[in-house]
Every structure is written in structure tokens, then in C-alpha cells.
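Novice: First residue of the sequence shown? That's 2 in the numbering used here, and the numbers climb one at a time after it.
Structure incoming, see below.
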Amino acid sequence: DESRRLARAIVRFAVSLGKTTTAEGVETREQLDILRADACVEVQGFHFSPPVQSEKVAQMIGGRTPAVAERPAVRRAMAGAAS
2 DESRRLARAI
12 VRFAVSLGKT
22 TTAEGVETRE
32 QLDILRADAC
42 VEVQGFHFSP
52 PVQSEKVAQM
62 IGGRTPAVAE
72 RPAVRRAMAG
82 AAS
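Here you go:
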């Protein structure tokens, strides 16, 4: 569809310039798979975590709290990133 073609064009343009892209608002595994297939390597959105309070961000980033690390979507994403 049009939104997928637009996202693909933006990602490919960025890659051609040697830039890394970050997709925001990823809500489903299907969206994640599409973006990865198009070489988008950084993503964020509800598929991984709902919004969190600012004081929780450092905790999440620093030690990957069990509540976040054990989410199936996070485990799948981390496994995919390692391959």
C-alpha cells in the first residue's frame, strides 16, 4: 500500500546516504517485519512497550528490567537483532 511504499522509499534513501533510520509508532509484528525487510534497524512503539514515566527510562535502558525484558515482543526483537 501507499504507506509501505513511502516508508520503504524513506528508509532506502537514508541507507543510500549511509544514515540509520528509526521508525516510530511500530504497533504490530507485521509492521516490524516489513521495516526490517526494508533495512530499518531501529524501531520503537507500542509493540515493544507502552509509554513509561521518565524516571523509569534510565532503569529500563540500564538494566533491562525483568518486566520489559520478559515481554514476548522484546524477546523476539532482541533475538532478531542478534541474527
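Just so you know, even glycine gets a beta-carbon here, dropped at the ideal spot from N, CA and C.
Since this is a predicted model, take the numbers as computed values, not measurements.
1) Out of R13, V53, P51 and K57, which has the shortest C-alpha to C-alpha gap to V42?
2) Quick check on the burial criterion: 16 or more other C-beta atoms within 10 angstroms. Buried or exposed for L18?
3) Please state the DSSP three-state secondary structure of E31.
4) Judging by CA-CA distance, which residue of P52, S50, Q45 and Q54 is the nearest neighbour of T22?
5) How long is the line joining the alpha carbons of I11 and K57, rounded to whole angstroms?
Specialist: So, from the listed chains and residues:
1) R13
2) Under this definition L18 is an exposed residue.
3) helix
4) Q45
5) 32 angstroms
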